[in-house]
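Written below as structure tokens is the structure these notes are about.
Numbering (UniProt numbering), first residue to last: 1 to 414.
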């Protein structure tokens with residue numbers, strides 16, 4: 001395994017991205033505690049808090065009621081994913097003028113490869129990027145930059161001096177500068193993984209640093225444990241390419257969207273959104289899962305299978321069947337969320353004929369595929385509300401266009 005001779009990676013992480021974006025775009029919000037929420041509802045939770053809100057203990061997952069109690073002056077803003085994606089694209093263009101982007105890790109995080117000449121002027125490069133973002137985007141939307149020998153350490157460095165910081169971690173800084181951190185400060189070390197490490201006697205970064213590769217593999221129960229520890233030691237560990245396994249969307253439901261017919265209406269919109277993404281990526285799906293969340297943190301899930309398909313008609317028929325089964329089983333009570341996932345994927349061109357296909361069924365599927373393609377084109381040309389199979393209003397805005405870690409909606413999602 002190769003050990004880089006210079007700091008090869010730059011990691012850029014924006015500070016309180018969604019909330020800072022709203023403050024940047026609306027001067028009246030600047031300097032005030034702001035919380036971004038997915039819905040204009042008293043029953044939802046915060047998805048992003050501004051730096052002025054965080055000292056009050058407001059963070060991702062804080063309920064609206066709790067946030068109001070902790071900070072009566074807080075301003076709640078309903079998320080605007082389309083605006084954030086446009087801003088994200090402007091940000092990428094600005095960064096690219098300073099250094100090429102190697103990977104976009106999320107809407108507010110990017111990784112860059114550095115030449116040796118760029119690495120020699122690490123602090124100067126970081127300053128140029130920050131200045132360009134200040135001039136092109138604005139002074140409120142700040143970022144923290146980490147530079148190190150691999151991406152994991154660069155990401156750790158970016159988190160070490162937030163907000164608006166810069167940290168350089170070289171081989172000479174290891175492992176000493178890591179020992180001031182907690183295990184939970186490391187990317188990928190969740191609460192559950194911290195508990196698993198604790199059970200194995202790994203209570204801090206020093207213990208993790210001393211972990212033998214095979215012991216790490218056993219704790220993680222995969223080769224990822226070895227990769228993580230090797231990266232922590234400064235080795236160049238490349239992430240394996242992710243294989244697409246599903247297309248799905250979920251939604252928390254406000255109280256007035258929890259009746260069975262409303263749940264189905266929302267699920268139809270989520271299904272159609274997932275189907276459009278599937279077609280844009282040139283896949284077919286052979287199965288659908290339909291999950292409803294009920295109070296007390298429990299979920300009920302049903303699955304349906306069909307021949308590999310890419311048309312809305314097939315997916316909606318399956319959804320209707322699953323919804324009817326859910327009602328018949330008495331599971332449509334106290335619903336708080338709904339999720340639809342298309343999976344069992346195959347490449348669009350790999351579809352094979354079913355042994356029992358008739359000429360009529362093949363023609364009908366072809367017709368529905370063409371209808372779905374036409375609907376997609378109309379939406380791209382005339383907007384998301386132009387034409388839809390069934391009602392196109394859902395709970396809140398931006399059905400199916402939620403920004404998730406590792407997935408940034410495309411313009412066609414809105």
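Don't be surprised by glycine CBs; every beta carbon is placed ideally from N, CA and C.
Check your understanding: Secondary structure at residue 20, three-state DSSP: helix, strand or coil?
Key -> Residue 20: helix per DSSP, three-state reduction.
Practice item. Determine the closest residue to residue 50 out of 178, 162, 151, 201, with distance taken between C-alpha atoms. Key: 162
Review point. Taking the DSSP output, what are the residues bridged to residue 291?
Key: Partner(s): 301, 339.
Practice item. Note down the Cα distance separating residue 332 from residue 33, rounded to an integer number of angstroms. Key: 38 angstroms
Practice item. Output the distance between the C-alpha atoms of residue 155 and residue 111, rounded to the nearest integer angstrom. Key: Near 8 angstroms, if we compare the C-alpha coordinates of residue 111 and residue 155.
**Study point:** Distance, residue 254 Cα to residue 74 Cα
**Key:** Their Cα atoms are separated by approximately 21 angstroms.
Review point. According to DSSP, which residues form a beta bridge with residue 148?
Key: 9
Practice item. Tell whether a beta-carbon distance below 8 angstroms holds between residue 142 and residue 248. Key: Not closer than 8 angstroms, so no.
Review point. Where does residue 221 land, buried or exposed, given buried means 16+ other C-beta within 10 angstroms?
Key: exposed
Point to revise | residue 156 in three-state terms, based on DSSP | key: Residue state, collapsed to three classes: helix.
Review point. Buried or exposed: where does residue 9 fall if 16 or more other Cβ atoms within 10 Å of its Cβ makes it buried?
Key: buried
Review point. Counting Cβ pairs, one atom from each stretch, are 3 or more of them under 8 angstroms apart for the region 175-195 and the region 37-50?
Key: no
**Study point:** Assumed close pair residue 58, residue 35 - CB separation to whole angstroms, cut-off 8 angstroms
**Key:** 6 angstroms
Check your understanding: Are the region 166-176 and the region 215-231 touching, with three or more C-beta to C-beta distances below 8 angstroms?
Key -> no
**Study point:** Neighbourhood of residue 175 by C-beta, 6 angstroms cutoff - its chain only, sequence neighbours within 5 removed
**Key:** Contacts found: 209.
Review point. Between the region 321-337 and the region 269-287, do at least 3 Cβ pairs fall closer than 8 angstroms?
Key: Under the Cβ criterion (8 angstroms, minimum of three pairs), the region 321-337 does not count as touching the region 269-287.
Practice item. Alpha carbon to alpha carbon, how far is residue 216 from residue 369? Give it in angstroms, no decimals. Key: Straight-line measurement puts the Cα of residue 216 at about 48 angstroms from the Cα of residue 369.
Point to revise | Those runs of the beta strand (DSSP E) which lie wholly inside the region 147-222 and span at least 3 residues | key: 166-168
**Study point:** Buried versus exposed call for residue 121 [16 or more other C-beta atoms within 10 Å across all chains shown]
**Key:** exposed
Check your understanding: Helix, strand or coil: how does DSSP classify residue 394 here?
Key -> coil
Check your understanding: Using the beta-carbon count (16 or more within 10 Å), is residue 190 buried or exposed?
Key -> The residue in question, residue 190, is exposed, as its Cβ has fewer than 16 Cβ neighbours within 10 Å.
Check your understanding: What is the DSSP secondary structure of residue 366, reduced to helix, strand or coil?
Key -> helix
Check your understanding: Does DSSP classify residue 326 as helix, strand or coil?
Key -> helix
Check your understanding: With C-beta atoms as the reference, is residue 78 less than 8 angstroms away from residue 99?
Key -> Going by C-beta atoms, residue 78 is not nearer than 8 angstroms to residue 99.
Review point. Between the region 58-68 and the region 5-19, do at least 3 Cβ pairs fall closer than 8 angstroms?
Key: Note that the region 58-68 does not touch the region 5-19; fewer than 3 beta-carbon pairs, one per stretch, sit closer than 8 angstroms.
Exercise for review: Spatial neighbours of residue 279 within its chain, please: CB distance less than 6 angstroms, with the 5 preceding and 5 following residues excluded, ordered by chain position.
Suggested key: 310
Review point. Thinking C-alpha only, which one of 69, 203, 138, 345 is nearest residue 27?
Key: 138
Exercise for review: Within 10 angstroms of the Cβ of residue 5, are there 16 or more other Cβ atoms? Answer buried if so, exposed if not.
Suggested key: Classification for residue 5: exposed.
Review point. From residue 336 to residue 54, what does the alpha carbon distance come to, in whole angstroms?
Key: 27 angstroms
Practice item. Could you give the DSSP three-state label for residue 58: helix, strand or coil? Key: coil
**Study point:** Sequence-distant residues of the same chain with beta carbon closer than 8 angstroms to residue 284, five excluded per side
**Key:** 278, 308, 309, 310, 345, 346, 347, 348, 350, 351
Review point. Can you tell me the Cα-Cα spacing of residue 298 and residue 166, whole angstroms?
Key: Spanning the two alpha carbons is a distance of roughly 42 angstroms.
Review point. When the Cα atoms are used, what is the spatial distance from residue 382 to residue 93?
Key: Cα to Cα, the separation comes out at about 26 angstroms.
Point to revise | N-terminal and C-terminal residue of the beta strand (DSSP E) that residue 112 is part of | key: 109-113
Review point. What do you get for residue 37, buried or exposed, if any count of 16 or more other CB atoms within 10 angstroms of its CB means buried?
Key: buried
Check your understanding: Looking at C-alpha atoms only, which residue of 69, 201, 66, 23 is the closest neighbour of residue 52?
Key -> Residue 52 has its Cα closest to that of 23, out of 69, 201, 66, 23.
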